[in-house]
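Under this note's numbering, think of the first position of the sequence shown as 37, with each following residue one higher.
All C-beta atoms in this analysis are idealised placements derived from N, C-alpha and C, irrespective of residue type, glycine included.
Quick caveat: nothing in here was measured; it's all calculated off a predicted structure.
Heads up, the thing below is written out as structure tokens.
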Amino acid sequence: MRHVELAKQLWPKAKFILLPWDGSATEMFITSLNNDSLHHSIEVIQNFVNNPEIICIANEHIETPVPLTSVALEKLSVDPDNLIQHAIRGSFMKAGDMCFYIWVDGQNQSHDVEMVFWNNLHFPKTVSDEQHITT
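Structure, rendered in structure tokens:
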């Protein structure tokens, strides 16, 4: 499995960043994606996490989260005239343990994706290095 080989290379360095910050969040950014791939970016999130739900659409926070359905995916994929943000919450290991913020810049035809996860939920200190690498 290719991801295990990659994890073997990354974990010896990454663990010194992730493990000491137990209870803290880590943010990862993918920036300057063309808006032609906006639908695909959101679709990847939809397929990657369990129970994805929208908590913000076009800068408007939603009181009751909405499931990320194919209809909602189309709504989020509309290219705006200005700068907007969408937010999607989902589960990877435990309920609601990941958030994705999608910053869409209609004028520059680009978008950024910010992924936020909680270190202690994804990389507990009680798990061995081998388990971190293979799971």
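Look at the beta carbons and you see the stretch 150-160 touching the stretch 124-135: at least three pairs across the two are nearer than 8 angstroms. Boundaries for Thr100: no alpha helix (DSSP H) harbours it, while the beta strand (DSSP E) harbouring it runs 96-103, taken from the DSSP string. In the same chain as Leu157, and ignoring 5 residues on each side of it, the C-beta atoms closer than 8 angstroms to its own belong to Met129, Lys130, Asp133, in chain order. When the Cα atoms are used, Trp57 and Lys161 turn out to be separated by approximately 10 angstroms. The beta carbon of Leu54 sits closer than 6 angstroms to the beta carbons of Asn155, Phe159 from its chain, once the five residues preceding and following it are set aside; these are given in chain order.
Per DSSP, the unbroken alpha helix (DSSP H) holding Thr170 starts and ends at 165-170. For Gln121, the enclosing beta strand (DSSP E) starts and ends at 119-127.
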